[in-house]
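Protein chains: 2
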Amino acid sequence: MARTRHARLDCAPGCPVEGTLQMIDGKWKGVVLFHLLSGTMRFNELRRQLTNCTQRMLTRQLRELEADGLVHREVYPEVPPRVEYSLTARGRTLEPVLLALKAWGEDHVIAPEIPAGEVELTLVPG
Amino acid sequence: MARTRHARLDCAPGCPVEGTLQMIDGKWKGVVLFHLLSGTMRFNELRRQLTNCTQRMLTRQLRELEADGLVHREVYPEVPPRVEYSLTARGRTLEPVLLALKAWGEDHVIAPEIPAGEVELTLVPG
DNA sequence: CGGGATCCAGAGGGATACTG
DNA sequence: CAGTATCCCTCTGGATCCCG
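Below, the structure written as structure tokens:
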């Protein structure tokens, strides 16, 4: 979906499910957050994980996550530039949610073009 | 976001996080699934829970959930018509995910009209 | 390296009216 | 009651080029 960016909680005022979904809604947010669970990552490092994510999209998703207080952006005044992304304390509280998402996916999502039987167990997302 | 409806796993083939998100992506899906955790519900019954969801949208979301094998639709040949929705076995496996979403929302989602991130402290003088 | 600016298509979603 | 059928528009997200 595209839930209107924090326009409001459409379900009902204060609906917790809707509210949480708004945080991880955006084509790449869930996955970005998940990867950052592993630790700090540089921009391109993160990008390499998201095979089909354009540079512009990754930037935008990261900015929104930053605005939501879930991700911290650290810019190092160097040449060439270095920017590192990490989860904030608030972002880390999403860990149970992200792990639940991952666990369900591992059990129930049928992988595309990977016929059952030769299911690969490299479950590192991204 | 609007992830293209199951077009593919954009993150990476088999990415479990991305895959799970695709299931509950759609403006009302997460909330619908959550409400169905409580048990079978009729169409309008469900609709009353989703304050701002139009009839058309609810129908569409339910159809997609049905197509994904998460929701069962039972039509009773009566007049007036009666249609009941319930979670399938597969749908019920999402319970941990939905509960995680709810739990986080309860703890971290700031009530509407106070968008997270731009919390303003308008100091009333005097 | 890590972006920003611009242009653009189309899917997602809203409003409204009609129906078996 | 539980939907279709249209119309229309917003916003997301992709492509491309440029920048310090």
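Protein chains in written order, with our numbering: chain R, 33 to 158; chain U, 33 to 158.
Just so you know, even glycine gets a beta-carbon here, dropped at the ideal spot from N, CA and C.
If you're wondering where the values come from, they're calculated on a predicted model, not measured in any experiment.
- The distance from the Cβ of U/V115 to that of U/V103 is about 11 Å, inconsistent with a contact at the 8 Å cut-off.
- The Cβ atoms of U/K59 and R/V49 do not sit closer than 7 Å to each other.
- Residues of the region 77 to 97 of chain U with a C-beta less than 8 Å from any C-beta of chain R: Q81, L82, T83, N84, C85, listed in chain order.
- Straight-line measurement puts the Cα of R/Q81 at about 19 Å from the Cα of R/E127.
- Scanning its chain for C-beta atoms nearer than 6 Å, with the 5 sequence neighbours on each side dropped, one finds around R/F75 the residues V115, in chain order.
- For R/E138, the enclosing alpha helix (DSSP H) covers residues 127 to 140.
- R/V129 places its beta carbon less than 7 Å from that of U/A132.
- At least 7 Å separates the CB of R/E127 from every CB of chain U.
- In this chain, the alpha helix (DSSP H) harbouring R/V64 covers 61 to 68.
- For the options R/L78, R/Q87, R/Q54, R/G51, the alpha carbon positioned closest to that of R/V63 is the one of R/L78.
- With 16 or more neighbouring CB atoms inside 10 Å of its own CB, R/T52 falls in the buried class.
- For the C-beta of U/E110, not a single chain R residue is nearer than 8 Å; the gap to the nearest is close to 30 Å.
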